[in-house]
Structure formats: structure tokens, C-alpha cells
Amino acid sequence: MRIPDTTLERLNSSADLVAIIKKHTTLKPAGREFKGCCPFHGEKTPSFYVNPQTNLYYCFGCGVKGNPITFLREFERMTFKEAVDYLSEQTGIELPKDDKFAQKIRYAKNKTPKPNSQTPTKTNQGNTDSTNTHTTNQSTHHDNTTPSANDDYPDFADNFNDSYGNDFDTNFNTDFDSGFIGGYNDSHNNPPYQADSTPFNSTNPPYQPPQNGEGDLYTLLSAIAQFYQDMLHQNPTAKAYFVSRGLSDETIATFGLGYAPSGWQHLEQAFPHDIEGLRILGLVRTSQKGRDFDLLRDRVIFPIKDRQGRVVGFAGRSLGDEMPKYINSSESPVFSKQHILYGLYEARQAKAVNYLMVEGYMDVIALHQAGIYGAVAPMGTAANDKQIARLLKYNDTLTLCFDGDTAGQRAAWRTLEVAMPVLPDGKTLKFLTLPDGHDPDTYIKAHGTDAMRAQITHAQSMADYIHGVLQNRYDLSLPENKARAVAELKELTAKLPKGSSFRWWLNNDFWARLSGKNHKQTARDTANYHQETDSSTQLYLCLLYSPHIIKDNPLTTLLTNSGVADAHKPYLTHLERQGLSVPALPDWQDIDTDLAELVGAIDMILGMADTGAIAQFDPHDKSAPAIDGKAHLIMASLPNVELQHHLSRLWREFFYLNQHHYLEQMALLFNELLCQRLQDVLKKQGENVKNIVLSEIYKRRLQALITWDSQHTKADVATLIEKGF
């Protein structure tokens with residue numbers, strides 16, 4: 004299906020080009036641009052520039068230039084479809100659907116408005132006039148919404164769940180007296196409501212009167228959102244609710260907040276030609292007696308938007324004590340709750356960097372107003388793995404903020420379980436429970452924005468959170484409870500992606516805590532997976548702990564055993580014909596320059612130890628003091644002072660945390676990490692070549708390593724975890 008030029012322009016202008024290119028070369032700020040070595044021709048002097056304002060790149064060395072789609076196609080070798088799909092996922096801009104989807108969002112418009120079934124309202128409503136005098140531009144708070152116990156009306160209390168923010172099943176059929184229909188009837192014969200503009204911050208198309216007998220749901224939703232916004236500004240009581248919650252006019256406009264009038268048929272009166280569309284959206288229901296009524300009445304309205312900013316549904320909150328407090332509109336061809344995160348569109352518009360998942364709509368809005376962008380909320384149900392994976396694409400860390408009550412903490416643990424399969428190495432969750440029963444909205448009001456930022460910054464790491472939960476569930480002073488806690492932890496970490504070294508870290512950390520071999524700061528620093536503890540740093544620390552790993556030539560062994568070293572053989576004839584040499588195999592320098600320096604230092608020390616020049620470097624001494632002493636000797640021999648300081652900051656915690664593990668286990672972890680880093684190198688090498696034969700060789704090498712890794716290394720890591728306990 005052809006993608007409109009306007010959509011391609013939006014993708015290119017909204018993409019984070021700097022983040023895309025940073026994966027392949029180091030970029031540093033240079034005025035309004037970013038500068039680095041060109042990833043296309045491998046220069047040593049930076050002449051490659053990226054302009055985040057225009058979202059264009061240019062190399063003064065080789066002349067390569069382009070936009071995000073160009074870079075993904077020419078450098079990452081994506082097809083056009085792969086490139087636009089990638090940018091759609093990164094930016095949240097949806098691509099055009101096929102004709103089948105277009106048909107789903109169409110509906111037949113009524114050529115003639117449905118006649119009103121208005122009858123005089125009952126005197127017990129406090130309105131003795133037999134004719135409703137409210138026009139489409141007027142509404143009175145609580146008008147016609149408090150019938151007496153003898154009236155025949157929908158018994159909503161029997162059909163809704165009373166749970167904050169939770170969606171209830173709105174598929175019900177109930178009866179009510181016709182005297183309560185038409186609380187929003189236009190008795191002055193005014194024309195149907197027409198929105199004069201699209202909703203604030205909505206990307207839906209503008210509403211159009213019936214022309215060809217068809218309407219589309221996105222357009223109708225846009226008009227309904229505008230209608231609710233107009234009603235908010237004409238109802239002082241509803242507007243006062245948002246003001247009492249501390250919201251400014253700007254925030255109300257940003258989120259398109261509104262008000263649904265109290266009458267039973269205000270939407271039918273406002274959109275008489277769109278009854279079928281209203282029913283498809285679930286905003287108008289039919290009772291068992293065949294009478295239509297509006298789902299949302301006398302409620303403040305929160306429009307729900309998709310990643311593209313289009314209104315797809317609504318949530319309504321009661322203004323009084325009516326239950327349920329919140330009602331979400333039902334699913335429709337354009338609204339699937341499992342795919343929607345409330346506030347994600349606004350967060351992306353604000354170019355949020357850090358993301359925080361909260362429980363309520365008002366929490367999202369309060370955080371956004373305070374300048375803390377990136378807050379989102381699932382649609383009344385627990386978050387799913389796809390939503391979490393999407394947020395982790397924007398940032399490697401996602402903070403979960405749940406209420407401190409039993410329900411909130413149960414939801415936090417359930418979200419952790421759901422998230423585990425989409426937490427590869429380098430991605431993690433943090434957990435925040437605000438003190439004194441606060442939620443983000445109330446906490447900001449009580450303590451201010453800076454205090455809220457501090458709470459987010461100091462949120463618990465995954466390791467601290469998991470240990471705290473298991474400690475509360477089990478009396479860990481008893482051996483049998485330790486065994487139960489360990490079993491539950493292993494069941495939880497088994498959900499992590501296959502071969503995850505994070506699994507090892509979490510299990511290892513918990514065991515160390517049970518053994519009393521680490522203190523709180525150690526666990527926090529070592530298991531938190533913060534910026535310093537990446538896969539390269541883990542390789543450094545493994546070598547410091549067990550430097551004799553180098554004696555077995557692990558890199559050469561890995562390249563040989565995996566088949567990487569022989570992957571070029573089917574292409575020897577093609578290489579000869581083109582006068583090309585076999586591409587060199589990756590070495591330590593290709594993997595990491597600091598790692599190469601560390602390996603060189605260890606090689607030198609091991610050679611001196613073999614000749615007896617360094618007596619204290621005894622390969623047979625595996626005691627803790629000997630391991631610590633050898634590590635400090637290696638660090639002291641490094642010519643790179645910055646690398647020395649980096650390793651010394653992390654070594655102490657790593658050493659204390661791993662004292663109870665065998666050196667053989669450290670070798671298994673090292674090989675797993677090395678295999679991961681080598682895959683990254685081979686992938687990057689393959690992306691940088693233009694020759695088809697060389698490209699195929701690199702592909703073969705990468706595939707050989709991946710296949711070998713899945714068959715050998717990951718099985719070894721699983722064994723390591725079992726031995727660790």
C-alpha cells in the first residue's frame with residue numbers, strides 16, 4: 004500500500020536521528036549539531052554532522068547525506084518497508100491501514116435525524132416543566148440524574164465495579180422510563196451541534212456534515228471530543244472540578260479534557276446523523292425496551308488518544324459519589340485497550356526521555372503539568388508485555404509507580420512478571436512507592452515537583468524490590484523459607500529471555516543477601532544495572548576476578564568452535580575472482596579498546612608470573628585475598644588512568660558479591676558476555692561493507708555465532724545458575 008508523502012515527511016521530521024546514528028558511531032555536541040566520525044567510510048578525523056533540527060546528516064569527507072529513512076536503508080541495509088516500520092514504532096506515527104481496516108471504521112450516516120422520544124420529566128426531579136428547555140449549548144449540573152427509588156431507570160450500581168481507574172464491562176441492557184430520556188433535548192429546534200474546530204491537540208480529521216451517506220469513526224470521535232470540551236467551558240461546576248485539582252487552562256487544553264452533560268441523549272441530539280457510529284463506539288446504548296441512552300452522563304471527560312494523537316475513546320469520571328468512579332468507553336474498531344497507554348502521545352510530543360508508569364489519569368496529567376514528562380497509565384487493566392517493551396524502546400529503564408496498598412503492590416508484582424520476558428540485558432525496571440499513601444498527584448501538591456523528581460531518581464532497583472517483596476512474604480531467618488524464596492525467585496527469573504546474564508546477576512545478588520555477604524549499597528550498585536554496569540564493564544570485572552581465563556585464548560576458541568573462522572570458505576572462489584582478501588576475524592581491539600588494553604596487561608602479568616618474576620601471582624591460590632590482590636595488581640599495571648579509576652569504583656562491590664562462586668562459573672559468565680559482544684561486532688562489520696560477497700561472509704559469520712550460542716553458551720549459563728544455588 005502506498006504511503007502518502009505527508010506521512011513520510013512526518014516520519015522523517017519526528018524521528019530521533021541522533022539516537023539512530025549513535026548506535027553506530029560516537030556523536031558529540033558541536034553547536035546546534037552533533038559531530039562524529041563517519042560510519043560510512045570509517046574515518047579517524049570527525050567530519051560527519053547530524054542536525055537534529057532538520058533531521059539530516061552530511062559527511063564532508065565522503066559526501067554521504069540523507070534523512071532517517073535514507074540512513075536506515077543505506078547504512079542499516081533495511082528495505083523501505085522495514086525503515087518506515089522502524090520509524091513508525093520509534094515515533095508512534097501509525098502507517099495507513101489497508102482497505103479492510105478502512106471499511107471497518109466506516110459507518111452509514113442517518114439521512115434523516117432520529118425523532119426524539121421526549122416525554123415530560125417527572126416532578127420528583129425538581130423540574131415541574133413538562134418541556135426540557137436545555138439547548139445543545141446549555142447544561143445544568145446534576146440535571147435529571149437523581150431519579151427516585153420508584154423510577155424505572157438503569158441500575159448502574161448493580162452493573163459497575165467500584166475500583167479506581169478500572170474499566171468495567173459496559174455491555175449491558177437495562178430499562179428506564181422514557182421520562183428520563185432527552186435531558187439534553189433541544190426544544191428550540193436549533194440545528195444539531197456542529198463542532199467549529201478539531202479537539203485541542205488531536206490529530207483526528209475535522210467533523211463534516213453528511214455528504215455521501217458515510218462517516219468514519221476517527222472523524223466522529225474528534226467531533227465528540229470537541230463537543231465535550233465545549234460543554235466543559237459552559238458548565239462552571241465541571242470546570243471547577245479540574246480547577247480544584249490544580250489544573251491550568253493550558254493543561255486542560257493539552258489533554259483535551261471535557262464534560263459530558265447530564266441528559267440521557269445528549270450525543271444523539273448533538274449528532275443526529277451519526278447514531279450508528281455512536282453505537283459502534285459504545286457511547287450510545289439501547290435498553291431492553293428499545294430506548295437509547297448515553298453511556299457517559301454528568302461526568303468529566305478524559306479523551307483517550309493513540310500514539311498518533313487521534314482520539315479513540317473516552318474515560319468519564321463522576322463528579323460526586325456515584326459509582327463506579329471511572330467508566331471507560333468499550334473497545335471498538337479503533338480502540339483496543341491492550342494497545343493504548345494513556346498519556347503516551349503527550350509524552351512523545353514533549354520529547355520525554357524517562358518514562359514512568361502510574362495507575363491513574365490524573366497522575367499522568369499532574370506529572371505532565373509539573374514538567375515531569377513521560378508518565379503513562381494502562382487503560383484500567385494491568386500493563387502487558389507489548390506496552391512495556393514499547394516503553395523500553397524509548398529508554399532502557401522504566402519506573403513503575405503503584406499505590407502502597409495491597410492491590411497496588413499486587414499490581415506491581417504482576418507487572419514485574421509480565422515484564423520479565425521483554426527484559427533483555429541492559430533493560431530494567433525500577434519501582435517507586437510514594438510515602439504516606441500518596442499518589443503522584445497528591446505528592447506533588449504536598450511536596451512539590453523537586454521532591455517528586457527526587458523520589459523517581461531514588462526509586463528501588465529490581466534487585467532491591469524483589470528482595471523486599473520476598474522478605475515480606477517469607478521469614479528468611481528459617482532455612483525452609485529461604486528455600487521457598489529461592490524457588491520463587493528462580494521461577495521468576497526463568498521468565499527472562501533465554502541466555503540472559505541479568506538472570507545470573509539477580510539470582511546471585513539474592514543468594515548473597517541470604518548469605519549476609521553483601522551490604523545494602525553493594526546490592527544496589529552491583530545489581531541495579533546502572534549505566535556503568537554494561538556488558539563491557541562486566542567483561543572487565545570477570546577478567547579481574549579470574550584473569551587465568553585469558554590463558555585459554557577465549558576469543559580464538561570461540562571463533563573456531565562456533566564456525567565463525569571457517570564461514571568464508573564457500574566464498575573463496577568469489578573472493579579470488581574479485582581480487583578480494585578474506586576479511587580479518589575480530590580481535591580484542593575490535594570488541595573494545597579498553598578490553599584489549601586489559602587483556603594485554605593480563606597477558607604481560609601472566610607471562611611474568613610463569614617466569615617467576617611475580618611471586619604473588621600464584622595461579623593455584625583461589626582464596627579471596629589472593630583474588631583481590633591479583634585484581635589490584637592488574638589494575639595498577641593499566642596505563643589508562645581513567646580505566647583504572649572506572650574499574651576500582653566497581654571492583655569492591657563485585658568482589659564481595661561473588662566471593663562464594665567458583666572461578667569456573669566466572670569463566671562461563673565471561674564466555675556468555677563475550678559471545679554477546681562479538682555478535683554486536685560482527686553485525687556492525689557487516690553493515691559497513693557494500694560488496695555483496697563480503698556482506699554474505701559477515702552474515703554467515705554472525706549466523707554461525709548465533710546458532711552456536713543458542714546450542715552451547717546459553718546451556719552453560721543455565722548450568723551456572725543451577726550451581727549458583
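The sequence shown maps to residues 4 to 728 in this note's numbering. Just so you know, even glycine gets a beta-carbon here, dropped at the ideal spot from N, CA and C. Please read all numbers here as calculations on a predicted model, not as lab measurements.
Give the range of the alpha helix (DSSP H) segment to which residue i is assigned.
i: I375; result: Element bounds for I375: n/a, residue is neither H nor E.
i: G632; result: A627 to S640
i: I330; result: Per DSSP, I330 belongs to no alpha helix (DSSP H); it is in the beta strand (DSSP E), Y329 to N331.
i: K25; result: L20 to K25
i: M382; result: Looking at the DSSP string, M382 is not in any alpha helix (DSSP H), and its letter there is neither H nor E.
i: V729; result: Residue 729 cannot be examined here, being either before or after the span of the chain that is shown, 4 to 728.
i: F245; result: P239 to S247
i: L250; result: Taken as a continuous stretch (DSSP letters only), L250 belongs to no alpha helix (DSSP H), as it is neither H nor E.
i: T452; result: T452 to T460
Among the options, which has the Cα closest to the Cα of residue i?
i: S698; options: D88, D621, H571 and S339; result: H571
i: K389; options: V303, A415, M423 and F63; result: M423
i: L20; options: N691, F74 and M607; result: F74
i: W267; options: F258, L260 and L286; result: L286
i: F274; options: D408, L685, A707 and K114; result: K114
i: S333; options: G632, Y574, Y348 and L299; result: L299
i: H44; options: T57, A22 and V67; result: V67
i: I6; options: I24, A410 and P99; result: P99
i: Q541; options: S290, Y574, H649 and V692; result: H649
i: D277; options: D324, G216 and H236; result: G216
i: A2; options: T559, L609 and D88; result: Not covered by the structure: residue 2. The range shown for the chain is 4 to 728.
Please state the DSSP three-state secondary structure of residue i.
i: G218; result: strand
i: S335; result: strand
i: P306; result: strand
i: F83; result: helix
i: V585; result: coil
i: T400; result: strand
i: L481; result: coil
i: F51; result: strand
i: R5; result: coil
i: R580; result: helix
i: D297; result: strand
i: F179; result: Confidence at F179 is low in this model, with a pLDDT of 35, below 50, so its placement is unreliable and the value that follows should be read with caution. Coil.
i: C62; result: strand
i: T57; result: coil
i: L14; result: helix
i: K803; result: Nothing can be reported for residue 803, as the shown portion of the chain is limited to 4 through 728.
i: T94; result: helix
i: R35; result: coil
i: V692; result: coil
i: V315; result: strand
i: L542; result: helix
i: V421; result: helix
Can you check whether the CB of residue j is closer than 8 Å to the CB of residue i?
i: G377; j: A355; result: yes
i: K31; j: C40; result: no
i: L601; j: C678; result: no
i: I637; j: I594; result: no
i: I391; j: S335; result: no
i: M669; j: Y543; result: no
i: T436; j: T400; result: no
i: N643; j: D597; result: yes
i: Y52; j: K38; result: yes
i: L517; j: P443; result: no
i: V421; j: A386; result: yes
i: V315; j: I343; result: yes
i: L322; j: R302; result: yes
i: S91; j: N58; result: no
i: F513; j: I469; result: yes
i: Q2; j: I709; result: Past the edges of the chain, shown from 4 to 728, lies residue 2, and the structure says nothing about it.
i: M465; j: L492; result: no
i: A380; j: D366; result: yes
i: T94; j: L14; result: yes
i: F305; j: L235; result: no
i: Y221; j: A263; result: no
i: L705; j: L685; result: yes
Looking at the unbroken beta strand (DSSP E) that takes in residue i, where does it start and where does it end?
i: F3; result: It is not possible to answer for residue 3, since the shown part of the chain is limited to 4 through 728.
i: A263; result: G261 to A263
Task: Inter-stretch contact (C-beta, 8 Å, three-pair minimum) for the region 357–374 and the region 403–416 - done: yes
Open item on the list: Across the region 296–311 and the region 338–357, are there enough close Cβ pairs to call them in contact, namely three or more that are closer than 8 Å?
Closed with: yes
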